[in-house]
Each structure stands twice: as structure tokens, then as C-alpha cells.
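Offset between the sequence shown (1-based) and my numbering: plus 66.
All residues carry an ideal CB built from backbone N, CA and C; glycine is no exception.
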Amino acid sequence: MAARALALAAALGIAAAQAAPLEYTIDPAHTTVYFSASHFERSSVRGRFGKIDGRLVYDADSGAGALDVTVDLASVDTGNRTLDGVLRSAQFFDTAQHPVARLRADRFLMEGGRLAAVEGELTLHGVTQPLRLQVERFRCGEVTLFGVSRQVCGGDFRAEVPRSAFGMTRFLPEVGDTVTLQVAVEASPAGSTPR
Numbered sequence: 067m068a069a070r071a072l073a074l075a076a077a078l079g080i081a082a083a084q085a086a087p088l089e090y091t092i093d094p095a096h097t098t099v100y101f102s103a104s105h106f107e108r109s110s111v112r113g114r115f116g117k118i119d120g121r122l123v124y125d126a127d128s129g130a131g132a133l134d135v136t137v138d139l140a141s142v143d144t145g146n147r148t149l150d151g152v153l154r155s156a157q158f159f160d161t162a163q164h165p166v167a168r169l170r171a172d173r174f175l176m177e178g179g180r181l182a183a184v185e186g187e188l189t190l191h192g193v194t195q196p197l198r199l200q201v202e203r204f205r206c207g208e209v210t211l212f213g214v215s216r217q218v219c220g221g222d223f224r225a226e227v228p229r230s231a232f233g234m235t236r237f238l239p240e241v242g243d244t245v246t247l248q249v250a251v252e253a254s255p256a257g258s259t260p261r
């Protein structure tokens, strides 16, 4: 497992000599990507993606880390099936051609002893753009549920992205260009069973 974590860390840009990272597997049952955008500047269009996969590598001593998250865009859910169909269509995500979005972050920025931001890139709709996520909370440690203890890393991350930068310009400006992303992540050590 240690060799695998080091290999993943190297692939995501963490020098092995810099840290002794641990690899965590994202728990899809406790990880969600939420989004919202202005609707006629009067309310918001909101939704979530329910199918998410990925890995987190983190060294608690140095604060170095890497996050690699894949989102199944067809899992979009706004609570409105008609709107979900529009979002899956070629007008927006075009899931037939671009079925997944991928978030990769390999720069974990510490501030005052806490993780303050992560930087990397977002690939969406066949376009890759830089991405900076502000960290609202992040913590790793042991948790106990129903008498069973296990290690968990979890956090809430937030970013604003212009959808036009990814070639999605349909219904501008009625539906806002700025999309707020909120990423709630929970991960367990690789090889363990999430609960």
C-alpha cells in the first residue's frame, strides 16, 4: 500500500522525499458535488452529481496532498427531470461525448496551520482550466460509528467557475455564467471498507 501511495503521489506531483503520504479512497456514499447558478438574477438553479469516484493523498505532517476526483455527469440531479435532460444534452454537458468531469488538485496551500486552499485543474466538456478551491473545513482522524472505529479524511471545498470558459454558453445571460461549486468529500484509507 505504501508503494502504491507513493506512486500515486508522484503521479499527482508530490515528491516522495517531501512527504510520507497516505492514500485514501473517496467514499461515494458520502461525497457529493453541488452546483448553483443565477436564474434571471432572481433565484438560483441548483443541483448535484451523485456518482463520484477518486483518490486523496495526504501527508498530515507536511500538509502536502493531492486530490483526484471523477464525476459522472449523467448523474446530475436538479429535482427536475426535464432540466436534467437539458443539462445532459449537447447544449450543456454533452454527456454522450464527454461523460465525466475530472478535478485534479496537487497544490495544498496551508495558512495558519490549516489547509486553506487547493489548486489544480478542472476538465469539463472537453476543456481543461485552472481551478482554485477554497477550503471551508478539512480534517483527518479516527471516527467511531456504531462501535466501529476507522480513519477518515473529509472536507468541504468551494469554487466559482465561469461556464463559458468550458464552452457552455447556452441561455446566457438568463442563466448566469458564474457557477458555484461545492465539493463535499469523505475518504477512507485505501483498502478499507467505507461505512
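When C-beta atoms of the region 167-178 are compared with those of the region 142-153, fewer than three pairs fall below 8 Å, so the two segments do not count as touching. DSSP places Leu153 inside the alpha helix (DSSP H), whose first and last residues are Arg147 to Arg154. Distances from the CA of Gly257 to each of Gly113, Leu122 and Thr97 were compared; the closest alpha carbon is that of Leu122. DSSP lists Ser109 and Val241 as the bridge partner or partners of His105.
If you look at Ala167, you'll find it in the beta strand (DSSP E) that goes Val166 to Glu177. Pairwise C-beta distances place the region 90-98 in contact with the region 110-120, as three or more of them are shorter than 8 Å.
A straight-line Cα-Cα distance of about 12 Å links Leu153 and Ala162. Looking only at Thr246, Arg168, Leu139 and Val218, the smallest Cα-Cα distance to Phe158 is reached by Leu139. By the Cβ-count criterion, Gly207 is exposed, with fewer than 16 other Cβ atoms from all chains shown falling within 10 Å of its own Cβ. With a contact defined as Cβ atoms closer than 8 Å, Leu199 and Val218 miss out at about 19 Å.
Ranked by Cα distance from Ser230, the options His191, Phe212 and Glu252 are led by His191.
The DSSP-derived three-state label of Ser128 is coil.
In the DSSP assignment, Phe204 falls within the unbroken beta strand (DSSP E) covering Val193 to Leu211. The shortest C-alpha to C-alpha distance from Asp222 to any of Val201, Gly145, Leu238 and Thr244 is the one to Val201. Comparing C-alpha distances from His164 to each of Thr246, Gly179, Ser141 and Val241 shows the shortest one belongs to Ser141. For the pair Gly179 and Asp127, the Cα-to-Cα distance works out to about 11 Å. Straight through space, the alpha carbons of Leu197 and His105 are spaced by roughly 23 Å. By the 16-neighbour rule on beta-carbons within 10 angstroms, Pro87 is buried.
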